[in-house]
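Student:
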Amino acid sequence: MKYRTLWVALGIQRPRPQHSPQEAEALRRWARGRRSLVEVGVAEGASAAVLRSVMHEEGDLFLVDPFHLSRNPFFNTGLVAALRTVNRVKRGRVHLIKATSLEAASRWDRSLDPVFIDADHRYEAVRADWLAWSRFVVPGGVVLFHDAIPKPGHPEGPARLVTELFRSGRTPDWSIVDEVDTLVVVQRRQGASRG
3 MKYRTLWVAL GIQRPRPQHS PQEAEALRRW ARGRRSLVEV GVAEGASAAV LRSVMHEEGD
63 LFLVDPFHLS RNPFFNTGLV AALRTVNRVK RGRVHLIKAT SLEAASRWDR SLDPVFIDAD
123 HRYEAVRADW LAWSRFVVPG GVVLFHDAIP KPGHPEGPAR LVTELFRSGR TPDWSIVDEV
183 DTLVVVQRRQ GASRG
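When the sequence shown is numbered by this note's numbering, its final residue is 197 and no position is left out of the sequence of numbers.
#1: Going by DSSP, name the residue or residues bridged to Arg129.
#2: By the 10 Å Cβ neighbour count, where 16 or more other Cβ atoms means buried, how is Glu46 classified, buried or exposed?
#3: Whole angstroms is fine: what's the gap from Leu81's alpha carbon to Val44's?
#4: Would you mind listing the alpha helix (DSSP H) stretches within the stretch 85 to 155 that are 4+ residues and don't spill past its ends, in chain order?
#5: Nearest-angstrom Cα distance between Ala121 and Ala101?
#6: Can Val179 and Gln189 be called in contact, C-beta distance under 8 Å?
#7: What does the alpha-carbon distance come out to for the pair Lys153 and Leu185?
#8: Which stretch, first to last residue, makes up the beta strand (DSSP E) that contains Gln189?
#9: Between which residues of its own chain and Arg34 is the CB-CB distance below 8 Å, once the five residues before and five after are set aside?
#10: Pull up the distance between the alpha-carbon of Asp131 and that of Leu53, whole angstroms please.
#11: For Gly94, which of Asp62, Pro23, Leu133 and Ser177 has the nearest alpha-carbon?
#12: Helix, strand or coil: how does DSSP classify Val179 here?
#13: Return the residue from the list Pro23, Asp67, Asp175 and Gly193 that minimises the CA-CA distance to Phe118.
#14: So, helix, strand or coil for Val44, using DSSP?
#15: Do you know whose CA, among Pro141, Leu114 and Gly193, lies nearest Arg37's CA?
#16: Between which two residues does the alpha helix (DSSP H) carrying Leu163 extend?
#17: By alpha-carbon positions, which one of Arg196, Phe147, His123 and Ser195 ends up nearest to Ala28?
Written out as C-alpha cells, the structure is:
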C-alpha cells in the first residue's frame, strides 16, 4: 500500500513487523533486562517496541536511522511512525539518533548489549555496521543480525557476513549462540578484549 507508513504515522494502522513471531521472541530473550541497547535500522519501529518492552526499566534504547526515505520534507512519515510505535511502550528511555549508522557510531562512547543490526542489507553496509558497532559490545554481550540466514527473496548481505566471519571461525572472540528463522545472534566471548 502506497500510504501505509502514513497510516501508521497517523495511528490509523498498526506497524508491520519485519520479523517473525519467533524472531520477536528471540529479540525479547536477548534484550530482557538489558540497560544499553542499539537498534540500527528502525523502519516503522516494530522491533524497537519489542526491545523496549523487555529492557531494564531504567535502560536506554538508542534507535539509529537517518529516516531519509520520506518523500515529504515537512512530514517525515517514517520517523513519526517509528516514534508512535515505540512510544506505545512505556519502559526505560528511548533516544532517536537521526543519522546514518556510521555517523552515529563515530560519535559513540558507551558500552552496549545488545546491538541489533537491521538496516541496509547490502554486504558492504552490513560489514561496515558490524565493524562500527561491535567494538562497543561488552564481553558476554551480543549482536543480532536480521535476514542473516539465506532464504529466497531475502538480501544476501547479512547471510554472507555471518558465513564469512562466524561460520568460518574467523572471529575467535565471537560465536553464534542462537539462530531463529532469519535472525542470527553472535556473542562476544567472556574475557575478550573490546576494540
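Ideal placement from N, C-alpha and C gives every residue a C-beta, glycine not left out.
Tutor: Taking the structure as given:
#1: Along the sequence shown, one-based indexing puts residue 129 at 127. For Arg129, which the question treats as bridged, DSSP gives no partner whatsoever.
#2: Your numbering for residue 46 matches position 44 in the sequence shown. Counting other Cβ atoms within 10 Å of its Cβ, Glu46 reaches 16 or more and is therefore classed as buried.
#3: To locate residue 81, count along the sequence shown from 1; it is residue 79. To locate residue 44, count along the sequence shown from 1; it is residue 42. Rounded to whole angstroms, the separation of the alpha carbons of Val44 and Leu81 is 9 Å.
#4: DSSP runs (the alpha helix (DSSP H)) wholly in the stretch 85 to 155: 103 to 108 and 125 to 135.
#5: What you label residue 121 is simply residue 119 of the sequence shown in a count that begins at 1. What you label residue 101 is simply residue 99 of the sequence shown in a count that begins at 1. Approximately 12 Å, taken between the alpha carbons.
#6: Locating residue 179 in the sequence shown gives position 177, counting from the first residue. Locating residue 189 in the sequence shown gives position 187, counting from the first residue. Contact flag set, yes.
#7: Taking the first residue of the sequence shown as 1, we reach residue 153 at position 151. Taking the first residue of the sequence shown as 1, we reach residue 185 at position 183. Their backbone Cα atoms lie some 11 Å apart in a straight line.
#8: Within the sequence shown, residue 189 is the residue found at index 187, counting from 1. From DSSP, the beta strand (DSSP E) with Gln189 extends over Leu185 to Arg190.
#9: Translated into positions along the sequence shown, residue 34 becomes position 32. Contacts found: Val56 and Met57.
#10: Within the sequence shown, numbered from 1, the residue matching residue 131 stands at position 129. Within the sequence shown, numbered from 1, the residue matching residue 53 stands at position 51. So the two alpha carbons sit approximately 19 Å from each other.
#11: Taking the first residue of the sequence shown as position 1, residue 94 is located at position 92. Comparing Cα-Cα distances from Gly94 to each of Asp62, Pro23, Leu133 and Ser177, the minimum goes to Asp62.
#12: Stepping through the sequence shown from its first residue, residue 179 is reached at position 177. Note: Val179 maps to strand in three-state DSSP.
#13: Translated into positions along the sequence shown, residue 118 becomes position 116. It is Asp67 whose Cα lies nearest to the Cα of Phe118.
#14: Residue numbering aside, residue 44 sits at position 42 when the sequence shown is read from its first letter. DSSP places Val44 in coil when its eight states are reduced to three.
#15: Within the sequence shown, numbered from 1, the residue matching residue 37 stands at position 35. Nearest in C-alpha terms to Arg37, of all of Pro141, Leu114 and Gly193, is Leu114.
#16: Against the sequence shown, residue 163 aligns to sequence position 161. Segment Gly159 to Val164, the alpha helix (DSSP H) holding Leu163.
#17: Taking the first residue of the sequence shown as 1, we reach residue 28 at position 26. When only C-alpha atoms are compared, the closest one is Phe147.
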